[in-house]
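Chains as they are written, first to last, in my numbering: chain A, 162 to 532; chain B, 7 to 65.
And the structure:
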């Protein structure tokens with residue numbers, strides 16, 4: 162069951178060594194590891210050991226399971242199912258009823274598995290709001306966590322409580338890290354989470370024997386270390402002051418910044434702009450809707466239609482004005498527009514521009530631009 | 007006369023328990039229970055309709 166290596170599985174499926182190496186380099190890329198580490202990943206995955214996985218579903222919608230199963234890049238999808246030896250997963254396992262429970266018990270007794278949890282755990286009325294096989298989720302989680310190597314929460318519900326925890330939290334839903342305190346817990350929030358981040362986490366675990374570096378919310382830094390806003394493909398429009406003001410308006414059709422339509426990208430940490438969903442097909446902002454902040458705690462309380470409060474809501478004076486005036490071509494305006502183009506490149510350029518542009522006697526550096 | 011319970015029902019989305027009453031090899035009664043509750047209707051109460059779609063699609 163766990164004797165064959167990932168490379169064996171690759172060969173059995175008729176995939177080439179090249180496919181295997183492509184997978185290794187993809188993983189090194191997602192983990193933001195320098196190139197030499199690809200060799201180490203390759204070595205780790207070729208070793209004859211596959212990690213058993215128990216996947217528990219509690220207060221979930223199976224959306225994270227769907228994301229996991231829809232990993233459409235064939236090599237990755239097949240590898241993930243075979244890098245792991247998935248011993249228990251209600252949505253995909255053949256056995257049901259007491260036979261399913263027996264399979265889980267056998268794995269728990271053997272120990273040394275990764276425990277993946279999807280969905281929050283209700284604590285109201287002794288946990289009766291989620292029962293499987295006649296036992297509460299509270300009970301099942303504690304038992305399964307006891308012998309696990311580590312616990313990985315997939316999705317916002319198991320990471321932070323998610324939708325069930327949304328006000329007024331009728332079932333007193335809890336996250337995994339509120340209940341499991343004596344094991345390493347890693348959170349992969351998102352609604353759904355991105356399966357490439359689970360694959361990368363497991364590859365990291367197999368390669369280095371430990372979970373990747375995490376932030377204070379137990380999220381791996383390789384996937385949640387940067388704000389969506391900082392890597393957003395619409396960022397240039399934000400810097401240029403080009404905002405969508407209404408669904409379907411001209412700016413929306415042109416793909417401008419969704420900040421004023423309630424995009425939560427500036428306060429959300431996730432690698433969506435880089436890895437996208439459905440194996441790089443698309444992600445919410447590219448499809449024309451703002452980020453809803455689904456990798457952050459309590460994001461259901463933000464109100465998806467309301468704009469967020471930034472520390473400095475008014476853009477600094479170095480940002481281009483929201484309305485760029487039409488100007489005729491002459492030496493002065495060409496210089497100004499050149500400066501504006503520089504601003505759009507980023508904050509560093511903007512800061513440099515500010516340093517170089519001496520305020521005039523009125524203390525207003527941009528008076529020229531507004532004429 | 008026997009009562010059989012199958013819990014969990016696998017290969018479905020969601021949590022389901024089925025109990026059947028079997029008398030002389032014939033199923034005479036059956037009960038199905040959805041064994042997980044989140045209270046999405048209670049969460050939706052009093053919220054702005056403009057966010058209802060994001061919540062209900064998570065059912």
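Glycine included, each C-beta is placed from N, C-alpha and C at the ideal position.
Check	Outcome
Counting C-beta neighbours from all protein chains within 10 Å, is the total for residue 351(A) 16 or more, i.e. buried, or is it exposed?	buried
To test your reading of the DSSP string, which unbroken alpha helix (DSSP H) runs of 4 or more residues are found completely within the stretch 299-335 of chain A?	316-321, 323-326
Please go through the stretch 192-230 of chain A and give each complete alpha helix (DSSP H) segment of 4 or more residues, from N-terminal end onward.	198-207, 224-230
Measuring CA to CA, which of 327(A), 367(A), 188(A), 226(A) is closest to residue 275(A)?	367(A)
Between the stretch 415-428 of chain A and the stretch 395-407 of chain A, do three or more beta carbon pairs fall short of 8 Å?	yes
Please report whether the beta-carbon of residue 62(B) lies at a distance below 7 Å from any beta-carbon of chain A.	no
Which class does residue 276(A) belong to by DSSP, given the choice of helix, strand or coil?	strand
Quick check on this structure: which residue in 35(B), 19(B), 32(B), 53(B) has the alpha carbon closest to the alpha carbon of residue 251(A)?	19(B)
Answer with yes or no whether the minimum CB distance from residue 222(A) to chain B is below 7 Å.	yes
For a test of the three-state rule: what should DSSP assign to residue 495(A), helix, strand or coil?	Residue placement at residue 495(A) is poorly supported in this model, since its pLDDT is 46, which falls under 50; the coordinates are not used for a value here.
Quick one, are the C-beta atoms of residue 291(A) and residue 64(B) less than 7 Å apart?	no
Of all Cβ atoms in chain B, is any one closer than 7 Å to the Cβ of residue 324(A)?	yes
Going straight from the alpha carbon of residue 228(A) to that of residue 414(A), what length do you get?	29 Å
Taking a cut of 8 Å between CB atoms, which residues from the stretch 449-467 of chain A lie near chain B?	453, 461, 464, 465, 466
Okay, do the stretch 378-388 of chain A and the stretch 431-438 of chain A touch, 3+ Cβ pairs below 8 Å being the bar?	yes
Any contact of the stretch 331-341 of chain A with the stretch 169-184 of chain A, i.e. 3+ C-beta pairs under 8 Å?	no
Which complete beta strand (DSSP E) runs does the stretch 8-48 of chain B hold, if anything under 3 residues is left out?	8-12, 22-29, 32-40
Within the same chain, show all residues whose beta-carbon is closer than 7 Å to that of residue 322(A), passing over the 5 residues directly before and after it, in chain order.	281, 334, 335, 336
In the structure shown, what three-state DSSP assignment does residue 398(A) receive?	helix
Give the straight-line distance between the Cα atoms of residue 398(A) and residue 443(A), rounded to the nearest whole angstrom.	19 Å
Can you check whether the CB of residue 16(B) is closer than 7 Å to the CB of residue 257(A)?	yes
Distance, Cα to Cα, residue 318(A) vs residue 380(A)?	14 Å
Cβ of residue 159(A) within 7 Å of Cβ of residue 265(A)?	Missing from the structure shown is residue 159(A); chain A here goes from 162 to 532 and no further.
Alpha carbons only, please: which of 26(B), 40(B), 41(B) is nearest the one belonging to residue 34(B)?	26(B)
For my contact list, residue 324(A) and residue 461(A) are in at a C-beta cut-off of 8 Å; report their separation, rounded to the angstrom.	6 Å
In chain B, which residues lie with their C-beta within 8 Å of the C-beta of residue 282(A)?	Within 8 Å Cβ-Cβ: nothing; residue 282(A) doesn't reach chain B, min ~11 Å.
Excluding sequence positions up to five away, which residues of its chain have a Cβ less than 6 Å from the Cβ of residue 358(A)?	349, 384
Classify residue 357(A) as helix, strand or coil using the three-state DSSP reduction.	helix
To which residues of the same chain is residue 354(A) closer than 7 Å at the C-beta, ignoring the five residues directly before and after it?	225, 228, 315, 316
With a threshold of 7 Å between beta carbons, is residue 29(B) in contact with chain A?	no
Comparing the C-beta of residue 57(B) with each C-beta of chain A, is any distance below 7 Å?	yes
Can you list, in chain order, the residues of its chain with a C-beta nearer than 8 Å to that of residue 338(A)? Leave out the 5 residues immediately preceding and following it.	314, 320, 346, 348, 379
Any beta-carbon of chain B closer than 7 Å to the one on residue 257(A)?	yes
Enumerate in chain order the residues of its own chain whose CB-to-CB distance from residue 262(A) is below 6 Å, with the five nearest sequence positions on each side excluded.	294
Give, in chain order, every residue of the stretch 8-29 of chain B whose Cβ lies closer than 9 Å to some Cβ of chain A.	10, 11, 12, 13, 14, 15, 16, 17, 18, 19, 20, 21, 23, 24
Could you list the residues in the stretch 286-314 of chain A with a C-beta less than 9 Å from some C-beta on chain B, going in chain order?	289, 290, 291, 292, 293, 294, 295, 298
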